Every structure is written in C-alpha cells, then in structure tokens.
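Shown next, in structure tokens, is the structure this report addresses.
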Amino acid sequence: MSTKIKINSRIFQDSNNVYYPKDETEVSDLIRELYKQDSPTEIIGNNSKSFIGNKTQSANTTSLSKISGIIDYRPEELYIKVKACTPINVIERVLSENNQELAFEPIDFGYIKEGKSNKGTIAGYLSCNYAGSRRFKVGSVRDHVLGFKGVNGKGDIIKSGGTVVKNVTGYDLSKLIAGSFGTLVALTEITLKVLPKKDSSKTVIIYPSNFEQIYDFFNKLSSSSSEISGAVFIPEQSKDKDFVAKKNSVFKFNDLKSNVSFIAFRVEGDKISIEEKINNLKKELELNNSDISTLDVYQSEPFWKKVNNLEVFEKTEHNLIRIVIPPANGLKLCKYLENNHNYFVDWCGSLFWIEVNSKKEEKIKDLKKMAKDFGGYLTVIKTSSDYDYGEAIFTVDKVRLIISEKVKQSFDPKRILNPGKMYRGI
Amino acid sequence: MSELALPKIDSSILNRKTEIVKILSKLTDRENVLSEADELRPYETDALSVYTQTPLAVVLPENTQQVSDILKYCHSENIKVVPRGAGTGLSGGALPLQDAILLSLGKFNKILEIDYENKCVVTQPGVTNLGITHAVQDKGFYYAPDPSSQLACSIGGNVAENSGGVHSLKYGTTTNNILGVQMVMMDGTICRFGGKSFDQEGYDLMGLICGSEGLLGVVTEVTVKILKTPEVVRAALIGFPSIKEGGDAASEIISSGIVPAGMEIMDKALIEATDNFSKAGYPRDAELLLIVELDGTASEVNELIKKVEAICKKNNCSSLKLSNSEKERLSFWAGRKAAFPACGAMAPDYYCMDGSIPRGKLAEALLEIKKLSEKYELPVANCFHAGDGNLHPLIMFDGNDKEQLRKTEEFGSEILKTCVRLGGVITGEHGVGIEKRELMCEMFNDNDIQQQLSIKKSLDEKNLLNPGKVYPILRKCAEEGRVHVHKNKDKFPDLPRF
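In order, the protein sequence lines correspond to chains W and D. Residue numbering for the first sequence follows my numbering, starting at 1 and increasing by one per position. Residue numbering for the second sequence follows my numbering, starting at 1001 and increasing by one per position.
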C-alpha cells in the first residue's frame, strides 16, 4: 500500500481525523505525503501545553503521543534517551529511582489549564523551553538537551547532537529546536542530560518591607558564593481579594507567616553544607533569626512544587503573562505592577508571572513595550476566552523575524509543521 | 599531508585585487587593510599550522558598522570572506582562502560594560577569554568556560567554536554561558540575539550561532554570564595500578551523585612524559592518574573529598594526595597542562586528536588505541577530560618520514571512528574546521548534512562566508583530521593545551 493510500485509508487516523503515527518512519511517511499535498498539520503530543501559542492554521492534526518510551538510560553517563512523547512523569519516576532528576525543574502547566497536574511530554517541554525556578542557576530545557531526532517539513528524518556533553560536531540544532513550538521538526527522539538529585533542601523566608529591599536581597543572593537554587518574591498587595486569599491558601505552611509579602530562597545540598550556606547568607543579607522563617525539607519541596505549578493562578480565566527581563530592571517593573496586578517574581528577580484581566489588550501592549524597553520580552501563556489576538502573544523584532523566516524555510519550506503557531508567516 | 580540497578559486576576484583593496580601504581606514605579501604572512594559518594559504587581503575593521559595510560589499561583489578571531583554533576554521578576504576582529578588543547587578559582561569579540575573568576577579567573579588557550583565544572565537574547558561538566560550554550576541550577516544585516536576560523567545538563534564556526555570521559583540568565584577549590591527585580501576573510579564518582568541577585522566605514557617535562611530582608507578577538582563552600568540599577518597580506595588506588593550598592545587594541574609540549619533547612531531566518548567507555577506548598503536608501530599518550568524556590522544611520529606520516593519519582517523563506534563524536571541543571535515559523514547521513547545509544556504545564500569549512566538499570520508605539531613548533608554544 502506498503511503498516500495508507494515509487516506485512515490507518493512522482516529475518528476525529487525528493522525497517530507509531514510529519515526510513519511520521516521515505522513509528513512526506502532507508535503506533497501542500497540506499543513498541527503537531501535538499529549495536548497539555497546546493552549500556549497561536492557533495553527492547518487542516490536519498529528499526534505524536504514541511515540513514547525510554530508549536508553545511563545513570553513570548522566543521560537518558527517550522517544519524544515520553511523559515527563515517566521520565522523572525512572530518574528518581537512581536519585537523579531533570535539573531544569519542569513547570506543570496542568494547574493553570485545568486545576490539576498534567505535565505532558518531554517533546512539549523542549518545544516550549520553559524552565522552572532553578533556571537561573542550572539553565533552561535547551541547556539540558544533548541531541534529538525528528522529521523536518519535507518528511526527512534528521538528527543532531549525541549523548555526550562535549560535542561541537556541526551546527547545534538542539538549541534551535528548543522553544520552536514544533514549527521546525516533528520530534521523535530526545537525549537529555540528567543530574544527581541534591540530598536535601531548605527554604528561607524573608519579609521585606519595600521593593528596594526586595531587589537588594535578590542582588545579594545572586552575588553570593553560597549558591542558592531558587528565589521568588510573592506579593501580598493586590486589589483582588480572591487572589490574596488564593495566595494565602496555596502558600499555607506551618512555618510561613500568612497575609504578608515574602521572598523565599532555596538552598540545596548535603545537610551540613545547607546550614553553612544559610549561615553565610544570613550574614551577607544582614538577617537576624527573628526576621526569617525556615522551611525544612518536608515543607521546602512542596513549596517549590507549588511555585512551579503556578498554583496561585490555578484555572485562571484571565490572560497569564510571562515576562523575562534582566534582574536589575525588575524593581521598575515591580513598582509599575504595585497592587494593580496579580503577579509573582521568580528567577531571583528576572521572571514575572502576571495575570491581566480588564483592559487586557491595552495592558498587554503596555507591558510588552515595557518588557522590550527593559531588555526582555513578553509572552501571553494563556489567553482569556475573549482574547482577540489584537496584540501578538509573542515578542519579536523585525530583523529576528526575517531571519526566523529563513530558518523556517530551511526546515519546512512549505510551512507544513504548525504554521502560524509562533508568528504569522512561520 | 594529504591533499586538501578547497572551494574553486574565482580568478576574476584575484584579478580585481587592486580595486577590492581600494574599496575596502574606503570602507574602513587604509591602515586597516593589509595586502602586501609580508603583511599577509602572519595570517596565512591559524593554530592548525600544517595548512597555509595566503589570503587576498586582510581587513581589520574597527566597529560593527564597518563590518556590515565590508560584508555588504563582499556580498554584492561575490567576494568570499573568512572571519578570524585570535587564530588559536586547532581545526583550521580560520584558514584563509586565496580568493577571500580575511576579516580579522583583532581591533574589537574592548570590554564595553561590566554589569554586576545583572551578572554579565558586554564585550567586543577580540577580548581574550581570560581577559574577561581578569576584568571581574577583583569583585570575586569569573567567566566559567576555560579552554586551555584562554590566555590568547578570543571570546568571539569561543562563540564560533562553542569552546569548553576542563570545567564543562559542571559549568557547561560557551553556549551555556552567554546571554546575547550582536552579529552581522553576510548581506550586511546587523542583528542582535538575546541580551542580558535568559532564554530569548522564539528560535534560539544565539544557540545556532554558537559553534557554527564562522559560517553563519560575524559576531561583533558578546554578552557573557559571570559567576561568583567558589569559596573553596581543592584538587585530589590519585594514582591507580590499572586503567580499568581508574576508569571505574571515575565512573563511580559521577554515578554516586558527585559533579566535580573538573576531572582529568592521564595514562602511563603521559604521566611519564609530563613528569619528565614539568617535574609535577606525579606517581610514576601508576598506570593511570586521576585529577579530581571540587569546589563549593568549605564543608561541601570537605564532604565531597571524603566521598571521592572512599570511592578511589574502594577501587584500589595506589596513591592519593589532596591539595592543601592554592599553590599545591595549581602544581597538580601544572603537569596536566604541560601534556602537549611534553609530547613534543619526546618525538619530532605529534598529532592531537579530539574525540568525545561516553565516560564508561574509557577503558575500552584506551585498549583499542593501544592496539592501534601496536598495529601502526607509533607511540601514543592519552589525556582525557573524564568529567565530560573528551579524549585527546597524542600520536607521536616523525613527519620527515613520509610512511610514518601516512600511518599517523590512518591511525588518527581510526581513533575518531572508534569514538563514533563507542557512541561518541569526532570533535568534543576543537571544532570541525577543515581538519575533520571529511569525517562528518562518520556521524551524519545525507539528510542530516543536507539539513545543515540548507540552514547555511538560508542565511548565506551565495556561500561566501567561510566556505569549504565544516562540511565535506565532495562528500567523501577520507582520512583527515588532527593537529600536527612539527619539532614542537606549535604556533602558540606558550599556551597550555589540554
């Protein structure tokens, strides 16, 4: 049976006309046929993050969800090679058995979408490249990808990278794939760098009195040789009483004061060095024991999960914005947000999660301008149901867009894969 | 050496030399354009000095606009351009072409901004790698990637090659330590990827440029991340009675959950060579020497050292010495850093290979190399970045003996093929350049290479920027590819190479 007949005979399809190729050859056959037919397709995995990005302009949907399973895990070599749509939960479970983890701390977008965990697949994470609280110390998803295999928009199976950390053979296409929202390659295989889990962790809570003090703390924390692996600011100020109540219920811990704004920073390692680092940091930040609260490992771990699950924005029906700027400009953004927005700050002062409800397009436009002026960018992660896309949900300048179009052309000349998902024309 | 195929020479360009030089002189200062034979000589090669070519002219622009004007002109006139940083590259990436201008970034030698609040430095590409650390070390910061040539290699070159260093397991390579670049495309377009914040949205074009060996654009500004210097750094020098026991210990250190700042292995041949050369005090009875460096807070390092000690004793180490001062730590490294010149002192010539293998395959790789050494009747010494799997076998031979030279080339090629067979790659940190160009098809098939060429074509449609590098011209898997040093006349004899 020719590929064309096979595709038309719905061997790959379910009743909703979704294609389910089972391996890379089937992905290749399918895309080659769609290429011939000039017929674009949306690419999805387990659908956990498909709400991020623009709606694709395509007649077909290809689910890679059947391409799942661990291919090769070498704990002593610090890598794991998996089929692209292996669920993150499966990977994390296997790694955990060997006391290892994905150090970039995957964000669980399930909470903002449907109020419960849904981490989706590793291909989804790589395609979005959104890392959690540890990012400013250990890098993002892109820094943990050693190699991949996938199918480009012509149906060719291509690969890049390998399983070793030091590899300068050819262009580093793994980086390009990270954050490309499935517009370059339909991923079939991913090799990730894994790292040992830290023995333990503790989280110290400080209660700052103003924005200047917050950024002074952030700066001192990131300048210390006593390394921290997470630092967030959770504000109390908001006109939205529901949000304040939500914040207090999400971050309800025995050793954490409620109804106050706070900074939380995490120290990881063996127990002795954790104490040593905390003592050093207390001196450097000029903190007395009476000024702080400490969460032991049993509180610290769930605390950071809640941060990385974005639980304060659980099931949000508003627009959820992600802004990344250089930390030194965070103070200005905090002052702008003041108590008019629901937000929190991660990555030691440079990542902002902001909820925008009323006058959304105007506000998003203002925030995007501000993000750009501050040397960063804005992404609308989740749009409200009435969002009309009047303001683009990604940030891109003219020159970068032209170059991106050329890169897209080199992988997917007929725009078969996820057209329009990121930018118009890509 | 074997014949090296380079792009066909465009004789019309050679005939227009006077006119081209005149126009280039208008686009920058007359003094910044070199065209006389004696002026061009220093630029005939990079650190892969076995290959030399005289460029049409050398141009040393002073700012980004000049780079843009020059590239725009070359683009419209179909003139090839070879970019060059400090010229310390070991794979011939900056080898000139006779009908190309050599674009040197040597005048881009200023640090533009030190931003402690955002923990970054904005620098021009001609600043040396170590120059960045020197600029921030008084405040207790440093730039993490540390290629052995860091004293002389430029940060722009580091971006082009995605340079690593001995600390790359823990701290990553260049791509993990830069935040942004400004660069000029072949058509003269000036663009900026990234900045002072993390993870620019959209295609990671900075990630694509890093390691692209000067084929996609000319970097004119780099923003690098700086880190706080660790409170304590200590090293351990550990001897083992066999390759297997030492290799196992190195694997076990990693699998036990320790991420050392650096971990190096030397075989017996190299222990002897370096100890003779630098009197480093290495255990000469050992078959394999392991250097483990740990950093962090005082108690963290003490704790890790205890664990490393226990693992090494369990694997029957024959000696174990810990550094008790910074001076002693540096002395542990002195021999390792003298590995290349030490080999140079033992034979008229040596070839340095640069493959990566999975850490656990070390014993197998060394055994294979030993067999090959016997087969080709050529001595070899091995050093290995055990932390990240990067293997540098040094083959010793006499280049005046044509038969030995031929055998060395074959030997080297077989080593790199062995690396690929063991699950590794043909270059860990030196780049492909012209050196390993013909071995690319050991790793990549037609589709893979076509995709990469297609990216090149989309960003440099006329194939004018550094043509003939990285990708095989005739798609043949020939035997090429090593650093050849004759009579210890390394182009940069003072640089430690590891």
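Where a beta carbon is used, it is the ideal one built from N, C-alpha and C, also for glycine. Predicted model, so just to flag it, every value in this text is computed and none were measured.
Same chain, Cβ closer than 8 angstroms to residue i, five either side skipped, listed in chain order
i              : result
residue 1275/D : 1281, 1282, 1284 and 1335
residue 1268/D : 1286, 1287 and 1288
Cβ neighbours of residue i in the same chain (closer than 6 angstroms, five flanking residues each side left out)
i              : result
residue 207/W  : 260 and 262
residue 136/W  : 347 and 348
residue 383/W  : 319
residue 1168/D : 1388
residue 1105/D : 1085, 1125, 1126 and 1156
residue 1379/D : 1396
residue 1170/D : 1259 and 1261
residue 427/W  : An answer regarding residue 427/W cannot be provided, because it is not within the stretch 1 to 426 covered by chain W.
residue 1278/D : 1334, 1335 and 1338
residue 10/W   : At residue 10/W, the pLDDT of 49 sits below 50, so the modelled position is not reliable and the matter cannot be decided from this model.
residue 199/W  : 270
Under 7 angstroms from the C-beta of residue i: neighbouring residues of chain W
i              : result
residue 1257/D : 99 and 196
Residue nearest to residue i in terms of C-alpha spacing, selected from the options
i              : options                           : result
residue 274/W  : 1298/D, 1262/D and 1400/D         : 1298/D
residue 1448/D : 158/W, 421/W, 242/W and 355/W     : 158/W
residue 1065/D : 1347/D, 1100/D and 1026/D         : 1026/D
residue 400/W  : 1435/D, 1173/D, 1289/D and 1459/D : 1459/D
residue 335/W  : 57/W, 212/W and 47/W              : 212/W
residue 105/W  : 304/W, 340/W and 419/W            : 304/W
residue 62/W   : 73/W, 50/W and 70/W               : 50/W
residue 1197/D : 202/W, 374/W, 169/W and 19/W      : 374/W
residue 1377/D : 1470/D, 1398/D and 1391/D         : 1398/D
residue 252/W  : 300/W, 368/W and 402/W            : 300/W
residue 1033/D : 1056/D, 1268/D, 1228/D and 1111/D : 1056/D
residue 1005/D : 1185/D, 1434/D, 1451/D and 1443/D : 1434/D
residue 391/W  : 72/W, 168/W, 368/W and 270/W      : 368/W
Residues near residue i by beta carbon distance below 7 angstroms, same chain, minus five either side
i              : result
residue 416/W  : 31, 34, 35, 40, 41 and 153
residue 1476/D : Confidence is the limiting factor: at residue 1476/D the pLDDT is only 42, short of 50, which leaves the residue's position unreliable and the question unanswerable from this model.
residue 1166/D : 1146, 1262, 1264, 1385 and 1498
residue 1318/D : 1239, 1240, 1241, 1283, 1285 and 1286
residue 1270/D : 1339, 1381, 1382 and 1383
residue 1136/D : 1114, 1121, 1142 and 1226
residue 75/W   : 98 and 100
Chain-ordered chain D contacts of residue i [CB-CB under 7 angstroms]
i             : result
residue 172/W : 1162, 1175, 1207, 1208, 1210 and 1211
residue 77/W  : 1358, 1359 and 1360
residue 272/W : 1299 and 1303
One or two residues paired with residue i in a DSSP bridge
i              : result
residue 32/W   : In DSSP, residue 32/W forms no bridge with anything.
residue 1182/D : 1192/D and 1221/D
residue 1154/D : 1128/D
residue 282/W  : According to DSSP, residue 282/W bridges with nothing at all.
residue 1100/D : 1080/D
residue 100/W  : 196/W
residue 106/W  : 131/W
Proximal chain D residues relative to residue i, where beta-carbon distance stays under 8 angstroms
i             : result
residue 377/W : 1197, 1200 and 1201
residue 422/W : 1202
residue 156/W : 1447, 1450 and 1451
residue 139/W : 1172 and 1176
residue 406/W : 1458 and 1459
Within chain W, the residues that residue i reaches when beta carbons sit closer than 8 angstroms
i              : result
residue 1388/D : 164, 165 and 166
residue 1113/D : Here the premise fails: no neighbours, minimum Cβ distance about 12 angstroms.
residue 1470/D : 170
residue 1191/D : 399, 400 and 403
Residue i: contacting residues in chain D (beta-carbon distance under 9 angstroms)
i             : result
residue 224/W : 1228
residue 176/W : 1203, 1204, 1205, 1207, 1208 and 1455
residue 276/W : 1297, 1298, 1299 and 1300
residue 396/W : 1201 and 1202
By the 7 angstroms beta-carbon criterion, what residues does the segment 1199–1230 of chain D contribute toward chain C? Of the protein chains in this structure, namely W and D, none is chain C.
Please identify, using Cβ separations under 8 angstroms, the residues of the segment 1350–1364 of chain D that lie next to chain W, in order along the chain. 1356, 1357, 1358, 1359 and 1360
Check distances from the C-beta atoms of the segment 1291–1318 of chain D to those of chain W and list, in chain order, the residues that come in under 8 angstroms. 1296, 1297, 1298, 1299, 1300 and 1303
Short of 7 angstroms Cβ to Cβ, which residues in the segment 1235–1254 of chain D face chain W? 1251 and 1254
Contact residues within the segment 1414–1439 of chain D, judged by C-beta distance below 7 angstroms to chain W: 1423, 1424, 1425, 1426, 1427, 1428, 1429, 1431 and 1432
Where the segment 1103–1132 of chain D meets chain W: residues whose CB sits under 9 angstroms from a CB there: 1115, 1116, 1117, 1118, 1119 and 1120
The segment 331–348 of chain W: positions lying closer than 8 angstroms to chain D by Cβ: 347
At a Cβ cut of 8 angstroms, what residues of the segment 215–248 of chain W count as close to chain D, listed as they run along the chain? 219, 222, 223, 224, 225, 226 and 227
Between the segment 94–123 of chain W and chain D, which residues of the former have a C-beta closer than 9 angstroms to a C-beta of the latter? 98, 99 and 100
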